[in-house]
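I have placed the structure first, in the form of C-alpha cells, so that the comments after it can refer back to it.
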Amino acid sequence: MRPTYLIAGCGDLGLRAADLLLAAGHRVHGLRRSPPATAPAGLQWHAADLTRPTTLATLPADITHVLYAVTPGGRNEAAYRAVFIEGLQALTRQLVPSLQRIVFASSSAVYGEHHGAWVDEATPVAPLAFNGRVLAEAEQWLASLPLETVSLRLAGLYGPGRLSLLDRLRRGEARAPREPLHWANRMHADDAAAALAHLLALPAPAPTYIGCDDTPMPLHDLYQTLAGWVGAPDVAIGPAPQAVGSKRLSNACLKASGFEWRWPDSLAGYRALIDAEPA
C-alpha cells in the first residue's frame, strides 16, 4: 500500500520535512491548530489541536506514517505532558488500525550529564529536568506499541529562523564556561528535517537514533568563534546552560543507516548563515 504521511505539529521542522516528502512524490497531510501563512504546495491541512482529542476525528482514515514534531505551548511540565504524552496517545488511538510507523522528534536532553564523555544510543537515559523526563516517558510508551516507532534524539538546532544565539552574542549576553569544558552539540534544521524524512522511509529502522552533526565543540569555543565572525564582544565566562549536561553525541548509528548530512560541520553551517544575513 502506498504510504500516506501525517506531520503532527507541522511547524518549522515539520514544514521542512514536508517539502522533502512532497518532492519525493508522497501524499502528505499537515496537522496544527491553524495553517501557516505560507506552506508547501500540495500539503493537505487539517486544523486540529492535539490537546483536544475530539478535534482529531476528521483526520483521514488511511494515514500510515506519522512524523510527530510538536512544540509545547509553554516551558513547563504540564505543557510538555499535554502534547508529548496525552496528545501523542490521543493521535495514535485515532489513527489505529491504518498506522504503521511513528517517527518521534525527541531530544538529547534525555541523556543528562556525562561530563564530556561520548554518548550513543546504548547510553542509559538520565534526564536532568522535566523536559527530558517527559520525552523519555513518551519514547518508552512508543516502544510499547505493536507497530514501528522511531525516536530521533536531536541536538540543539540552528538554521534560518533559529539564530537567536547570534543576537545574544551581538548584545554581549552569551556566557559559557571554560573550566570544566561544557561540550555543545548541534544539527542544522535542514539536516534534522531530512533525517526525520529519511527515518520515515527507512526499511527496518532501529528504535532510536541520535541526530547531531560531526562536530561537538566546547561551548566557549563555539561562542567565541561565532562572536568573532559577527563582530560581537568577547564571550564572558559564565555557567553552563541549566539542565542540559555536557556530553559529546555520536551520530554513528544514523550515519550507518545511510543518512548523509548537508552540513556535517556546524561552524560551516553557521558561516553560511552569517554570510547570507542582510548587510
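The opening residue of the sequence shown carries number 30 in this note's numbering; numbering runs sequentially from there. All residues carry an ideal CB built from backbone N, CA and C; glycine is no exception. No experiment lies behind these values; they were computed from the predicted model shown.
- In this structure, the straight-line span from the alpha carbon of L194 to that of F288 is close to 27 Å.
- Taking the CA atoms as reference points, P307 sits about 43 Å from P82.
- Runs of beta strand (DSSP E) with 3 or more residues, each lying fully within the stretch 76-115, are found at 94-97, listed in chain order.
- In the structure shown, the three-state DSSP call for T178 is strand.
- At a Cβ-Cβ threshold of 7 Å, D242 and S275 do not count as neighbours.
- Residue state for S193 is assigned as helix, using DSSP reduced to three classes.
- R215 is bridged by DSSP to G185.
- Taking all protein chains in view, the Cβ of E115 is surrounded by fewer than 16 other Cβ atoms within 10 Å, so the residue is classified as exposed.
- Note on geometry: alpha-carbon atoms of H94 and G298 lie some 30 Å from one another.
- With a threshold of 16 other beta carbon atoms within 10 Å, D304 falls short and is exposed.
- For A146, there is no enclosing beta strand (DSSP E), as DSSP marks it with neither H nor E.
- Pairwise C-beta distances place the stretch 179-187 in contact with the stretch 128-139, as three or more of them are shorter than 8 Å.
- Residue environment: V112 is assigned as buried (16 or more neighbouring CB atoms within 10 Å of its CB, all protein chains considered).
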